[in-house]
Every structure is written in structure tokens, then in C-alpha cells.
Amino acid sequence: MRVRPYHSARSTAAHIFHEDDDCPVGRNLAWFDKIEGREDCEPCPQCVRTAATRADHPVDALPVS
Ligand SMILES: [Zn+2]
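If you count the sequence shown from 1, you need to add 25 to reach this note's numbering.
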């Protein structure tokens, strides 16, 4: 499902943010490695694709914070 944007805390990690808790890339992040937000990050392609293919949960269903 869609969640608030989060990204890796590691400076060496890819600068992308995730917004879906089904994302395999996002799931690989440890709980201590997740920071809420999307600063300096590009949208995760995997999350974008997941959101786009899910008709019952439109991308704009949640307000952007
Ligand atoms: Zn992702």
C-alpha cells in the first residue's frame, strides 16, 4: 500500500525515495535506515510503476505532505 515517502539514511545509497510498502527495494531497507521525506531524492521507479498499475489506489489518493 501507499505510505508516506521515505528514503535510505545512508549517504552511499541511491538517492531515491519510496512511497509504497510493497516496493522490493524499499523493503530491503532496515527500519533504522529509513528517513521520512523525499529531500534530494528522485521517485523510485519501482514505486511509480506499482502505483501506476494499481487502479483502486490512485497516485493522488493521499495528500502530499
Ligand atoms: Zn521504491
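All C-beta atoms, glycine included, are put in the ideal place defined by N, C-alpha and C.
Asked	Found
CA-to-CA distance, residue 45 to residue 29, given in whole angstroms	8 Å
Residues surrounding ligand 1 [beta-carbon distance to nearest heavy atom under 7 Å]	41, 43, 45, 48, 50, 51, 69, 71, 72
Residue 65 to residue 40 span [Cα, whole Å]	7 Å
Euclidean distance between Cα positions of residue 52 and residue 42	12 Å
Residue 52: first and last residue of the uninterrupted alpha helix (DSSP H) it sits in	49-52
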